[in-house]
Structure formats: C-alpha cells, structure tokens
C-alpha cells in the first residue's frame with residue numbers, strides 16, 4: 046500500500062518512504078480497514094498533506110462525516126425526510142452503525 050501511495054503521490058512532495066510505511070503499518074495494526082485507510086491516504090496525497098497519525102485522523106473524520114450524510118434518505122422531489130420519518134431513519138442508521146461496530150443494538 047505504501048509503495049502504491051508513493052508511486053502515485055511522491056512526485057512534487059517530500060514524502061519519506063520510512064515515515065509513510067510506519068504510519069500505514071501502525072494504522073493497520075490498530076484495526077483500520079485497508080479500504081478506509083486507502084481512501085484517507087488518497088485524500089492526503091491529493092491535498093499534498095503529510096502522512097502522519099494526526100493527518101490520517103482528520104482524513105478519517107472527513108470520510109466518516111460524508112458517509113453519515115449519505116444515510117439521509119431523499120424524497121423523489123429531492124427534499125430530505127422531515128419530522129418523524131427523519132427521526133426513524135436516523136435511529137435506524139444509528140442502530141445499524143452500532144451493529145456494525147459490535148455495540149448493543
């Protein structure tokens with residue numbers, strides 16, 4: 046993964062192979078899914094940000110925020126659900142997220 050990242054984004058940046066490899070290895074060792082890590086790395090590379098635990102955390106935060114807004118159900122008119130429908134959809138999304146993370150649901 047580090048080789049693919051460096052091949053794609055090293056030109057014009059100061060990425061160090063050792064730092065990138067260590068950060069990726071540590072992140073995977075913490076149980077992060079490889080596809081989520083790659084998405085975060087692509088964000089950092091596209092923005093020419095350094096690959097550190099801190100910058101990865103911000104990239105994960107952005108990815109997860111976008112994923113949460115994707116749970117909003119749009120009506121055929123393009124408007125979002127409101128009132129009780131929105132609350133039920135929100136609680137269903139929370140229950141599913143807890144179920145995926147191994148929490149009570």
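In my numbering, the protein residues as written are 46 to 150.
We treat Cβ as the ideally placed atom computed from N, Cα and C, and that holds for glycine.
If you draw a straight line from the Cα of residue 88 to the Cα of residue 56, it is about 16 Å long. When the beta-carbon positions are compared, residue 104 and residue 91 stay at least 8 Å from each other. DSSP, reduced to helix, strand and coil, places residue 133 within a helical segment of the structure shown. In the DSSP annotation of this structure, the continuous segment of the alpha helix (DSSP H) that includes residue 54 starts and ends at 47 to 54. Looking only at 93, 136, 130 and 133, the smallest Cα-Cα distance to residue 53 is reached by 93. In the structure shown, residue 91 falls within a helical segment according to DSSP collapsed to helix, strand and coil. Residue 78: not part of any alpha helix (DSSP H); DSSP gives it neither H nor E. Look at residue 97 here: in three-state DSSP terms it is coil, with no helix or strand label.
Annotated three-state conformation of residue 68 is helix, per DSSP.
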